[in-house]
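Undergrad:
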Amino acid sequence: MSLRFCNSHSLYHLLLVLVIFCSISTIYAEANEDPTIRTMEAFSGYPIHESNSFVTNLASSLSVDTETLQKRIDELSTFSDTPAPSVTRVLYTENDVLARSYIKNLMGLSGLSVREDAVGNIFGRWIGNEAELAPVATGSHIDAIPYSGKYDGVVGVLGAIEAINVLKRSGFKPRRSLEVIMFTSEEPTRYGISCLGSRLLAGIESLAKDLTSTVDGQNISFLDAARSAGYAKEPNDLSSVFLKKGSYSAFVELHIEQGPILEEEGTSIGIVTAIAAPASIKVDFEGNGGHAGAVLMPNRNDAGLAAAELALAVEKHVLESGSIDTVGTVGILELHPGAINSIPSKSHLEIDTRDIDEKRRNSVIEKIHQSAITIAKNRGVTLSEFKIVNQDPPALSEKSIIEAVEAASKELNLTHKFMISRAYHDSLFMARYR
Ligand SMILES: [Zn+2]
Numbered sequence: 001m002s003l004r005f006c007n008s009h010s011l012y013h014l015l016l017v018l019v020i021f022c023s024i025s026t027i028y029a030e031a032n033e034d035p036t037i038r039t040m041e042a043f044s045g046y047p048i049h050e051s052n053s054f055v056t057n058l059a060s061s062l063s064v065d066t067e068t069l070q071k072r073i074d075e076l077s078t079f080s081d082t083p084a085p086s087v088t089r090v091l092y093t094e095n096d097v098l099a100r101s102y103i104k105n106l107m108g109l110s111g112l113s114v115r116e117d118a119v120g121n122i123f124g125r126w127i128g129n130e131a132e133l134a135p136v137a138t139g140s141h142i143d144a145i146p147y148s149g150k151y152d153g154v155v156g157v158l159g160a161i162e163a164i165n166v167l168k169r170s171g172f173k174p175r176r177s178l179e180v181i182m183f184t185s186e187e188p189t190r191y192g193i194s195c196l197g198s199r200l201l202a203g204i205e206s207l208a209k210d211l212t213s214t215v216d217g218q219n220i221s222f223l224d225a226a227r228s229a230g231y232a233k234e235p236n237d238l239s240s241v242f243l244k245k246g247s248y249s250a251f252v253e254l255h256i257e258q259g260p261i262l263e264e265e266g267t268s269i270g271i272v273t274a275i276a277a278p279a280s281i282k283v284d285f286e287g288n289g290g291h292a293g294a295v296l297m298p299n300r301n302d303a304g305l306a307a308a309e310l311a312l313a314v315e316k317h318v319l320e321s322g323s324i325d326t327v328g329t330v331g332i333l334e335l336h337p338g339a340i341n342s343i344p345s346k347s348h349l350e351i352d353t354r355d356i357d358e359k360r361r362n363s364v365i366e367k368i369h370q371s372a373i374t375i376a377k378n379r380g381v382t383l384s385e386f387k388i389v390n391q392d393p394p395a396l397s398e399k400s401i402i403e404a405v406e407a408a409s410k411e412l413n414l415t416h417k418f419m420i421s422r423a424y425h426d427s428l429f430m431a432r433y434r
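Just so you know, we're using the UniProt record's numbering here: the sequence shown kicks off at 1 and counts up by one.
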């Protein structure tokens, strides 16, 4: 779910949506004989087959402690490597470890049973009356890229904890367990891998293997950094992070939009129907260097111009897809040796391309590859690397969740719109459990 986060008033409502979602999920539980354990039907006073009408009564009986929630968001933002109002919190650094303790402490205060896995994904479970049923989960991340804001990811973690608190205060007892998840390293800042924690939960074995030899910019290995933060204690236990399919019955993530659409339109709630599928590619060209004055134009094999031409080809192929949903970006373009009077002998590009249609995006990647080969040939340079770093499948939101968020938005008189999440979050990987 995306949202526009502008003031505490909207915060109240947005979190209520999250709360209501969490509550709704329990309607799938079967009838229970114990009168002290209330079904959503009993809790709301509405029969569940009258679609979403139970939201009406439920919403009016719940109250979010916005003051405490805002205080916690502000407190968490102080665990930062850069001064306020910016937040910088990088995986397994001292501030990250302190922030993790803060979250675990809050989960404990909410009476959740807390578990951490080998890479530091943190799970706080409110055990339902029928603990054997797959839980409903919600959550996000708290790591922060350098000089970011205090709401990215944090809203989805602290908001989820408050949602649990609201339900507890109201006297609700879940039949299906409810769980708050704080995912490790959604941001790629330290090890170049986005959504590291949720990718591992999704059981990507190649990642578990790669992480055993991955180092950061300071040559500190992933495993050493994880151990210094108290994780990955056994040498080969990264595969212990993998979750079995069916571990959760539903997952929803509350997140800031990270785009301008909702704010520009003055719309409060973005109901995400699909998450665009990202892919990233690394490309290297190698040509011949030489003096910028001494080597005449017909004799050049300029690796820099090959990179420039490929950057333009990326834009061309993306635009040719015919869909506004196809996007491509060359965010990194490096030239070697990088001197004004030296013909670039090497160039390096990193390309990000996304789409909600996996086939269309993959066809763009193939065209980029073909262009790279042709450009290298025409310019007499070598295409020394064309590496697809990741090529993730897109995700579609579950209909029942879309409908639940829509019903809650309507009930709370919040403006809302259906939209595609073009930024991706941990939900993209949690979607693999269905
Ligand atoms: Zn985020």
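All residues carry an ideal CB built from backbone N, CA and C; glycine is no exception.
1. Using DSSP's beta-bridge definition, name the partner residues of Met107.
2. Taking the C-alpha atoms as reference points, what is the distance between Asn390 and Ile103?
3. To which residues of the same chain is Glu116 closer than 6 Å at the C-beta, ignoring the five residues directly before and after it?
4. Using the C-alpha atoms, what's the distance from Ser194 back to Met182?
5. Could you name the residues of the same chain whose beta carbon sits closer than 6 Å to that of Gly120, not counting the 5 residues immediately before and after it, in chain order?
6. Return helix, strand or coil for Phe79, following the three-state DSSP convention.
7. Ignore the nearest five residues each way along the sequence and tell me which others in Phe429's own chain have a CB closer than 7 Å to its CB.
8. Among the candidates Ile332, Phe285, Glu286 and Ser342, whose CA atom is the shortest distance from the CA of Ala294?
9. Using three-state DSSP, classify Thr68 as helix, strand or coil.
10. Looking at the structure shown, is Leu428 part of a helix, part of a strand, or coil, going by DSSP?
11. Determine the direct distance from the alpha carbon of Ala395 to that of Ser213, and round the result to whole angstroms.
12. What number of angstroms, rounded off, separates the C-alpha of Gly289 from the C-alpha of Arg422?
13. If Ser249 sits next to Val136, beta carbons under 8 Å apart, how far is it from one beta carbon to the other, in whole angstroms?
14. From the DSSP output, which residues share a beta bridge with Asn182?
15. Return the chain-ordered list of same chain residues with a C-beta closer than 6 Å to the C-beta of Asp392, the five sequence neighbours on each side being excluded.
16. Under DSSP, the beta strand (DSSP E) around Lys417 begins and ends at which residues?
17. For the beta strand (DSSP E) containing Lys282, name the first residue and the last one.
18. Hey, how far is the Cα of Tyr433 from the Cα of Val405?
19. Pull up the CB-CB distance for residue 436 and Val155, whole angstroms please, since I reckon it's below 8 Å.
20. Would DSSP call Arg175 helix, strand or coil?
21. Going by beta-carbon coordinates alone, are Val283 and Ser321 separated by less than 8 Å?
22. Strictly by DSSP, which residues pair up with Glu385?
23. With Leu197 as the anchor, note down where its alpha helix (DSSP H) starts and where it stops.
24. According to DSSP, simplified to helix, strand and coil, what is Pro146?
25. Whole angstroms are fine: how far does the CA of His348 sit from the CA of Leu383?
26. Does the beta carbon of His317 fall short of 7 Å from some heavy atom of ligand 2?
27. From the DSSP output, in three-state form, read off Lys359 for me.
28. Do Val314 and Ile368 have their CB atoms nearer than 8 Å?
29. Between Asp392 and ligand 1, is there a pair consisting of the residue's CB and a ligand heavy atom that are separated by less than 7 Å?
30. Considering Leu335, what are the terminal residues of the beta strand (DSSP E) in which it resides?
TA: The relevant details are as follows:
1. DSSP output for Met107 lists no bridge partner at all.
2. Asn390 and Ile103 have their C-alpha atoms spaced approximately 30 Å apart.
3. Ile122
4. Rounded to whole angstroms, Met182 and Ser194 show a C-alpha spacing of 14 Å.
5. Thr184 and Tyr231
6. coil
7. Cys195, Ser198, Arg199, Leu201 and Ala202
8. Ser342
9. In this structure, DSSP gives Thr68 a helical state, which the three-state scheme calls helix.
10. Helix at Leu428.
11. 29 Å
12. 39 Å
13. 6 Å
14. What sits at residue 182 in the sequence shown is Met, not Asn. According to DSSP, which records beta bridges pairwise, Met182 is partnered with Ile122 and Ser140.
15. The beta carbon of Asp392 sits closer than 6 Å to the beta carbons of Ala277 and Pro278 from its chain, once the five residues preceding and following it are set aside; these are given in chain order.
16. His416 to Ser421
17. Ala277 to Glu286
18. In a straight line, the C-alpha of Tyr433 is about 20 Å away from that of Val405.
19. Nothing can be reported for residue 436, as the shown portion of the chain is limited to 1 through 434.
20. Assigned with DSSP and collapsed to three states, Arg175 falls in coil, not helix or strand.
21. no
22. Asp284
23. Going by the sequence as given, residue 197 is Gly instead of Leu. Looking at the DSSP string, the run of the alpha helix (DSSP H) that includes Gly197 is Leu196 to Leu201.
24. strand
25. In a straight line, the C-alpha of Leu383 is about 10 Å away from that of His348.
26. Looking for ligand 2 in the displayed structure turns up nothing; the ligands present are ligand 1.
27. helix
28. yes
29. no
30. Val327 to His336
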